[in-house]
Each structure stands twice: as structure tokens, then as C-alpha cells.
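Participant: For the sequence shown, UniProt numbering assigns the number 1 to the initial residue and increments by one for each residue that follows. Structure below; questions to follow.
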Amino acid sequence: MIQIISKERCVGCDLCIKVCPTDVFDKEGDYPVIARQSDCQTCYMCELYCPANAMYVSPLPEENQVLQEDTLIESGLIGSYRETIGWGKGRKSAASLDRFHFLNELKTNDA
1 MIQIISKERC VGCDLCIKVC PTDVFDKEGD YPVIARQSDC QTCYMCELYC PANAMYVSPL
61 PEENQVLQED TLIESGLIGS YRETIGWGKG RKSAASLDRF HFLNELKTND A
């Protein structure tokens with residue numbers, strides 16, 4: 001579930017608003033805000049598309065504690081999903097680490 005949009009990091013590009021499949025965000029002034037958090041499906045699209053690494057989506061359906069932005073930044077969690085899967089300039093896609101496709105090649109070659 002979406003937890004934080006960092007106002008310090010956000011560049012106001014509105015990509016999160018555009019890619020959200022459940023219309024979780026609204027725009028207030030120049031920046032997006034979390035308007036309907038309970039509608040979040042934890043799809044990570046907003047965090048993936050955020051070029052400023054200004055968002056944190058928790059993998060938990062509901063976060064029981066109040067998360068502090070400073071803590072997320074210090075721990076490296078804010079924007080971490082984007083980095084983990086290799087989205088962004090200068091990163092290597094994590095899909096290249098998936099070796100499952102070799103199993104499919106073996107099946108086709110054996111047939």
C-alpha cells in the first residue's frame with residue numbers, strides 16, 4: 001500500500017497520477033497527494049515510474065505503524081523497488097537474472 005510521497009524529492013511530473021490504475025492520487029498545487037490510500041492495490045506502478053525515487057509502497061496490505069520519511073530514506077527503502085528490479089538510467093534489468101527461460105528452451109529442443 002502506498003505510504004509516502006516525499007515532498008523534498010518529488011519533481012511534480014505527475015507520472016504517479018497517470019499510471020495509477022485505481023486513481024489513488026490527486027494533485028494539490030504542483031504536487032500529487034495520496035487521496036484514496038485504501039484504494040491502493042500495491043501494484044508498485046507509482047513507485048516504478050517515479051523518476052525522483054520519491055515514493056514508498058509497502059508490500060504489506062496495511063501498515064500498522066506510522067512511517068517516517070527520514071527513516072525510509074536512511075534505510076534506503078524509499079524508491080527501493082524501482083532499483084531492485086532495475087528500472088532507471090544506468091541500471092540493469094533484474095529480468096536478465098531470471099533463468100526460467102532456459103527451461104522453456106530445453107523443452108522445445110527436446111520435443
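We put the CB at the ideal spot given by N, CA and C, even for glycine.
If we count the other Cβ atoms within 10 Å of its Cβ and call it buried at 16 or more, is Ala35 buried or exposed?
Facilitator: exposed
Participant: For residue 156, report the span of its beta strand (DSSP E) as first-last.
Facilitator: Look at the range of the chain in this structure, 1 to 111, and you will see that residue 156 is not part of it.
Participant: For Ile34, does the three-state DSSP call read helix, strand or coil?
Facilitator: strand
Participant: In the DSSP assignment, what are the bridge partners of Val57?
Facilitator: Ile2
Participant: Applying the 10 Å Cβ sphere with the 16-neighbour rule, what's the burial state of Glu47?
Facilitator: buried
Participant: Is Tyr44 near Leu15, with beta carbons less than 9 Å apart?
Facilitator: no
Participant: Please return the same chain residues whose Cβ sits closer than 7 Å to the Cβ of Lys27, not counting the five positions on each side in sequence.
Facilitator: Asp14 and Ile17
Participant: With a 10 Å radius around its C-beta and 16 neighbouring C-beta atoms as the bar for buried, classify Arg91 as buried or exposed.
Facilitator: exposed
Participant: Give the range of the alpha helix (DSSP H) segment to which Ser75 is assigned.
Facilitator: Glu69 to Ser75
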